[in-house]
Amino acid sequence: MGIKLKKLNEFEWEIPKTRNMNVPGRIFASTKLLESISHDRTLEQLKNMASMPGIYKYSIALPDAHQGYGFCIGGVVALDSKTGGLSPGGVGYDINCGVRLIKTNLVYEDVAPRIKEIINKIYEFIPAGLGSEGRLRRLSRDEIDNVLNLGVKWALEKGYATKKDLKHTEDEGQLKADASLVSEKAKSRGAKQLGSLGAGNHFMEVQKVEKVFDEKTAKAFGLKLNQIVLMIHTGSRGLGHQICSDYLRQMERTFPYLIKSLPDRELIYAPASTELCDKYFLAMNAAANFAWNNRQLILYWARQAFEKIFPDSELEQVYDICHNIAKKEKHKIDGETREVFLHRKGATRAFPAGRKEVPETYKNYGHPVLLPGSMGTASYVLVGTNEGLKKTFGSTAHGAGRVLSRHAAVNKARGEDVQKQLNKDNIVLKAHSWRVVAEEAPFAYKDIDEVALVSEKTGIARRVVRMVPLGVIKG
Amino acid sequence: MSFEYLSEEATADVAILAKGKNLDEAFEETAKAITNVMVDLSEISPVKEFKFKIKSEDLKSLLYDFIEELITIFEIKHLLFSEYNVKINKQEFSLICVAKGEKFNKKKHNPKSIVKAITYFGMEIIEKQKETLIKFTLDI
Chain A
590 MGIKLKKLNE FEWEIPKTRN MNVPGRIFAS TKLLESISHD RTLEQLKNMA
640 SMPGIYKYSI ALPDAHQGYG FCIGGVVALD SKTGGLSPGG VGYDINCGVR
690 LIKTNLVYED VAPRIKEIIN KIYEFIPAGL GSEGRLRRLS RDEIDNVLNL
740 GVKWALEKGY ATKKDLKHTE DEGQLKADAS LVSEKAKSRG AKQLGSLGAG
790 NHFMEVQKVE KVFDEKTAKA FGLKLNQIVL MIHTGSRGLG HQICSDYLRQ
840 MERTFPYLIK SLPDRELIYA PASTELCDKY FLAMNAAANF AWNNRQLILY
890 WARQAFEKIF PDSELEQVYD ICHNIAKKEK HKIDGETREV FLHRKGATRA
940 FPAGRKEVPE TYKNYGHPVL LPGSMGTASY VLVGTNEGLK KTFGSTAHGA
990 GRVLSRHAAV NKARGEDVQK QLNKDNIVLK AHSWRVVAEE APFAYKDIDE
1040 VALVSEKTGI ARRVVRMVPL GVIKG
Chain B
377 MSFEYLSEEA TADVAILAKG KNLDEAFEET AKAITNVMVD LSEISPVKEF
427 KFKIKSEDLK SLLYDFIEEL ITIFEIKHLL FSEYNVKINK QEFSLICVAK
477 GEKFNKKKHN PKSIVKAITY FGMEIIEKQK ETLIKFTLDI
């Protein structure tokens, strides 16, 4: 594509502002990560993102960035909440795709001999894969509306959540939403799928804490060496996908003149302060509430699965965080406090101590930032920094980020061979589809250690602990 | 006529190139390519008929709405099709699709990937004299 980059320092690069761009583009990456970022259309998408209305500072590509649709994945954009806009393509179809980390009172020696049993039990208890549906009896429309409006408070009322789960969820698992703005089609897709994992890059992992980088913060998060933790990675399933499609199409019909001015139709947005902008915001939030309940139900059944194998086990939530969302947030920009629609697409909020969004328990440290690895590789807990607040509006990477396409991965190895390799590394794998296992092979992803390290070197987040998987469940 | 998956075009998603001798056939190939992402087409028996209509504002949004409908039919009704007959009205940007297939059954159909959504990214519809090409990206 031949996009020229200006090197600002060892880990920061700029696409200078040209015609059509309102601001420059900024990439946070090492030379090694930049190489894989440059080999697809990520940089072109970063340029396109810089053409959005009311954008502040620069469009951002994080260390795990790769090509998406409209916005790149690992992309961050701040648009003024009164004069900018809100873009479904800047959030992604899987609204509030996110990660939940649960600590246990078990250590490696307890779980290692029984890892197969616990993985089989989780596999049995938690629906996943193509066509999977949740285990709840069919929810009535009123009940679905409660899920969408109340967020995890719905699960709490029903006995699927504890108060502590809520406190340790981003925004306490509830954003202001309006279920009446969600289509019947979206509700029909969601009604059956609540409490299911899905497929693709979604997974559940039993992991052990393998390294502690920051003792003090790890202690505050309740994490220590050798401890067993559980990670859940999924989103809002068909309900969220449908809300994104519905509103993207509605924006096209309401603002047809915008289509021609955009370099990619997927960048369509609702101008801020319009009725449709407000509606999409409340519908998107409904999908976010659904996703939190989805992960909550999965935790509820995971607790039961653990109890079957380890009757004295206690599973406590460390944190739940989204990485596909637009939030109304206040940021200090060029000396002024501004309210923005902070689009994070494949990007994770990373707020340090001092922000009101950080839960009480973690207020002196910042909230945990969860960085899931790919299947069979390490995952990280990071924490936000003041520098990140200035540089990336308090955002960092959301995972390893793909480097090989799904098709290329399948051509390189069979799912069965990938499983064998994982077994050799003492990782148990249960999957619903061999195809997905091949697509998600570890070699298809960037090096997660490099992504975490670069997050720290650029100053946008700090490493707290590193976890490695003992067992994986894929859709 | 045919469809293929383009591995160089989409890092995290699936890019598809569908070819037909006209627009109707290119849409049919598109539909097959999507079904084949979920399960192998050859595993689906065309025993049940299902008909639906779409109306949109232009050709690209017609393709977008058509694919979105296929995804939702699978998620809500669990139907998968191996045969498609599409008739497009190019003046009205509308279509009628008659599809043949059956209900998804994990014992019969080996599950592959879940298709989350269709995207506009890189979407192209190229109508030539003897051939129509459709290129697009799915969110997986």
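Sequences listed follow chains A and B, in order. The first sequence begins at 590 in our numbering and counts up by one. The second sequence begins at 377 in our numbering and counts up by one. Even glycine gets a Cβ: it sits at the ideal position worked out from N, Cα and C.
Whole-number beta carbon distance between residue j and residue i, since they are thought to touch under 8 Å
i, j, result
"residue 1063 (chain A)", "residue 964 (chain A)", "6 Å"
"residue 678 (chain A)", "residue 935 (chain A)", "About 12 Å separates the two Cβ atoms, so there is no contact after all."
"residue 390 (chain B)", "residue 514 (chain B)", "5 Å"
"residue 692 (chain A)", "residue 907 (chain A)", "5 Å"
"residue 953 (chain A)", "residue 939 (chain A)", "Between residue 939 (chain A) and residue 953 (chain A) the Cβ distance is about 16 Å, and since that is not below 8 Å, they are no contact."
"residue 821 (chain A)", "residue 888 (chain A)", "7 Å"
"residue 902 (chain A)", "residue 985 (chain A)", "Incorrect: roughly 31 Å between the Cβ atoms, too far for contact."
"residue 696 (chain A)", "residue 874 (chain A)", "39 Å between Cβ atoms; not a contact."
"residue 683 (chain A)", "residue 920 (chain A)", "In fact, because the Cβ distance is near 25 Å, the residues do not count as touching under 8 Å."
"residue 367 (chain B)", "residue 420 (chain B)", "Given a span of 377 to 516 for chain B in the structure shown, any question on residue 367 (chain B) remains unanswerable."
Cβ-based burial, residue i [other Cβ within 10 Å; buried from 16]
i, result
"residue 1024 (chain A)", "buried"
"residue 648 (chain A)", "buried"
"residue 749 (chain A)", "buried"
"residue 423 (chain B)", "exposed"
"residue 951 (chain A)", "buried"
"residue 377 (chain B)", "exposed"
"residue 836 (chain A)", "buried"
"residue 727 (chain A)", "exposed"
"residue 924 (chain A)", "exposed"
"residue 645 (chain A)", "buried"
"residue 418 (chain B)", "exposed"
"residue 1014 (chain A)", "exposed"
"residue 900 (chain A)", "exposed"
"residue 846 (chain A)", "exposed"
"residue 412 (chain B)", "buried"
"residue 505 (chain B)", "exposed"
CB contact flag (residue i, residue j, <9 Å)
i, j, result
"residue 1061 (chain A)", "residue 1016 (chain A)", "yes"
"residue 929 (chain A)", "residue 673 (chain A)", "yes"
"residue 718 (chain A)", "residue 1021 (chain A)", "yes"
"residue 399 (chain B)", "residue 503 (chain B)", "yes"
"residue 855 (chain A)", "residue 442 (chain B)", "no"
"residue 827 (chain A)", "residue 782 (chain A)", "yes"
"residue 840 (chain A)", "residue 970 (chain A)", "no"
"residue 473 (chain B)", "residue 429 (chain B)", "yes"
"residue 403 (chain B)", "residue 439 (chain B)", "yes"
"residue 774 (chain A)", "residue 730 (chain A)", "no"
"residue 786 (chain A)", "residue 751 (chain A)", "no"
"residue 884 (chain A)", "residue 689 (chain A)", "yes"
"residue 606 (chain A)", "residue 639 (chain A)", "yes"
"residue 616 (chain A)", "residue 655 (chain A)", "no"
"residue 767 (chain A)", "residue 868 (chain A)", "yes"
"residue 713 (chain A)", "residue 876 (chain A)", "no"
"residue 799 (chain A)", "residue 967 (chain A)", "yes"
"residue 859 (chain A)", "residue 771 (chain A)", "no"
"residue 554 (chain B)", "residue 516 (chain B)", "This structure cannot settle anything about residue 554 (chain B), because the visible part of chain B is limited to 377 through 516."
"residue 388 (chain B)", "residue 630 (chain A)", "no"
"residue 1018 (chain A)", "residue 1008 (chain A)", "yes"
"residue 762 (chain A)", "residue 881 (chain A)", "yes"
"residue 651 (chain A)", "residue 981 (chain A)", "yes"
"residue 962 (chain A)", "residue 998 (chain A)", "no"
"residue 857 (chain A)", "residue 676 (chain A)", "yes"
Residue i: contacting residues in chain B (beta-carbon distance under 8 Å)
i, result
"residue 893 (chain A)", "Residues of chain B passing the Cβ test: none, with the nearest at roughly 23 Å."
Cross-chain neighbours of residue i in chain A, by beta carbon under 8 Å
i, result
"residue 478 (chain B)", "Neighbours of residue 478 (chain B) on chain A: none; closest Cβ ~13 Å, over 8 Å."
"residue 414 (chain B)", "719"
"residue 489 (chain B)", "719, 788, 789, 995, 1022, 1024, 1025 and 1028"
Partners in chain A for residue i, counting only beta-carbon separations shorter than 7 Å
i, result
"residue 378 (chain B)", "Per Cβ cutoff of 7 Å: no residues; residue 378 (chain B) is ~16 Å from chain A at best."
"residue 497 (chain B)", "658, 659, 853 and 855"
"residue 515 (chain B)", "658 and 682"
Where residue i meets chain B, residues with beta-carbon distance less than 7 Å
i, result
"residue 833 (chain A)", "493"
"residue 777 (chain A)", "452"
"residue 577 (chain A)", "Residue 577 (chain A) lies beyond the range of chain A shown here (590 to 1064); nothing can be said about it."
"residue 629 (chain A)", "387"
"residue 653 (chain A)", "Residues of chain B passing the Cβ test: none, with the nearest at roughly 11 Å."
"residue 774 (chain A)", "448"
"residue 662 (chain A)", "388"
"residue 842 (chain A)", "433"
Beta-carbon neighbours of residue i, restricted to chain B and to distances below 9 Å
i, result
"residue 603 (chain A)", "The contacting residues do not exist; residue 603 (chain A) stays about 23 Å from chain B at best."
"residue 1064 (chain A)", "487, 489 and 490"
Length at least 4, wholly inside the stretch 714-781 of chain A: the alpha helix (DSSP H) runs in chain order: 730-739, 741-747 and 752-756
Within the stretch 984-1044 of chain A, ranges of the beta strand (DSSP E) (whole runs, at least 3 residues): 1017-1020
Every unbroken alpha helix (DSSP H) inside the stretch 598-648 of chain A [4 residues or more]: 620-627 and 631-638
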